[in-house]
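These notes are about the structure you will find just below.
In the working numbering, the protein residues as written are 460 to 716.
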């Protein structure tokens, strides 16, 4: 069984996220740790506790946009030394957001941080060295976290898993639904939930299957309607990608842990 997720660079506001939690089948959201080397929007950072308190509580996927391929935008310092520095920064940002304290510390397992890699295909050796060093520090006793990655389904995921077999992998593959955004919402309250194993990479535990979905409308807690533009749509085997061991009872609409 997979669970519907959504992500967006800028936080859309507590009322909008509360409306989505109440009125749709969405259960988890991306959560940007920032300022990061290639992403400076910090609007999510103060809202982890808010998200967990909405209804039964959102699952979240903390995302760190580190160094990127020289062919794309962002910062491009692709060395092992930089990987280690960025891992420390990612862990500090996750600490700042609250992922290792309070009620979060009672959730099962160590939280996962998703290193965001925007360019697909086979990565050059210096990029792999950067990722390997980042993962090594994240999984070490220097942090309270474990590594995960957001990357392309095509070659990148398999390449990184080959040297980091403990990775949780969230892939992007928008090809299957590129011209079928109309299929995303079978009805206004229900998002399609494709299985991550059908993403083009069988080892994926999460799948970003649409990028740039035009708009999402929901009813806010005060009864008014609001539309927010420009979303990415996702699915995940784990209802809470930050803590893959958490369980969800779909019948009662409650978390097992």
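Here a beta-carbon is modelled for each residue, glycine too, at the ideal position from N, C-alpha and C.
- For residue 669, the enclosing beta strand (DSSP E) begins and ends at 665-678.
- Beta-bridge annotation (DSSP): residue 581 is not paired with any residue.
- When the five nearest sequence neighbours on each side are left out, the beta carbons in the same chain lying within less than 6 angstroms of the beta carbon of residue 468 are those of 500, in order along the chain.
- Under the DSSP assignment, residue 544 falls in the alpha helix (DSSP H) whose first and last residues are 539-556.
- Nearest C-alpha to residue 522 among 562, 487 and 575: 575.
- Shown here, residue 626 sits in coil according to DSSP, grouped into three states, outside any helix or strand.
- For residue 489, no alpha helix (DSSP H) run applies; the uninterrupted beta strand (DSSP E) run containing it begins and ends at 485-491, by DSSP.
- Residue 490 is positioned such that its CB atom lies no closer than 7 angstroms to that of residue 537.
- Following the DSSP letters along the chain, one finds residue 689 inside the beta strand (DSSP E) bounded by residues 684-695.
- The residues 686, 687, 688, 689 and 690, in chain order, have a CB closer than 8 angstroms to that of residue 674 in the same chain once the five nearest residues on each side in sequence are set aside.
- The segment 630-643 makes no contact with the segment 592-605; the number of CB pairs closer than 8 angstroms stays below 3.
- Counting only residues of its own chain and dropping the five nearest sequence neighbours on each side, residue 483 has a CB closer than 8 angstroms to the CB of 463, 648, 649, 650 and 677.
- Judged by their CB atoms, residue 629 and residue 573 are nearer to each other than the 7 angstroms cut-off.
- The residue from 460, 556 and 546 with its alpha-carbon nearest to that of residue 502 is 556.
- Here residue 667 has 466, 609, 629, 630, 631, 632, 633, 691, 692 and 693 as same chain residues with Cβ atoms under 8 angstroms from its own Cβ, once five neighbours each way along the sequence are excluded.
- CA-to-CA, the gap between residue 475 and residue 566 works out to about 25 angstroms.
- In this structure, the beta-carbon distance from residue 517 to residue 481 does not fall below 7 angstroms.
- Residue 592 holds the alpha-carbon nearest to the alpha-carbon of residue 622 among 708, 592 and 549.
- The DSSP assignment places 605-611 and 627-631 as complete runs of the beta strand (DSSP E) inside the segment 598-663, in order along the chain (cut-off: 3 residues).
- Our two residues, residue 549 and residue 541, have alpha carbons roughly 12 angstroms apart in a direct line.
- Less than 7 angstroms separates the beta-carbon of residue 701 from that of residue 571.
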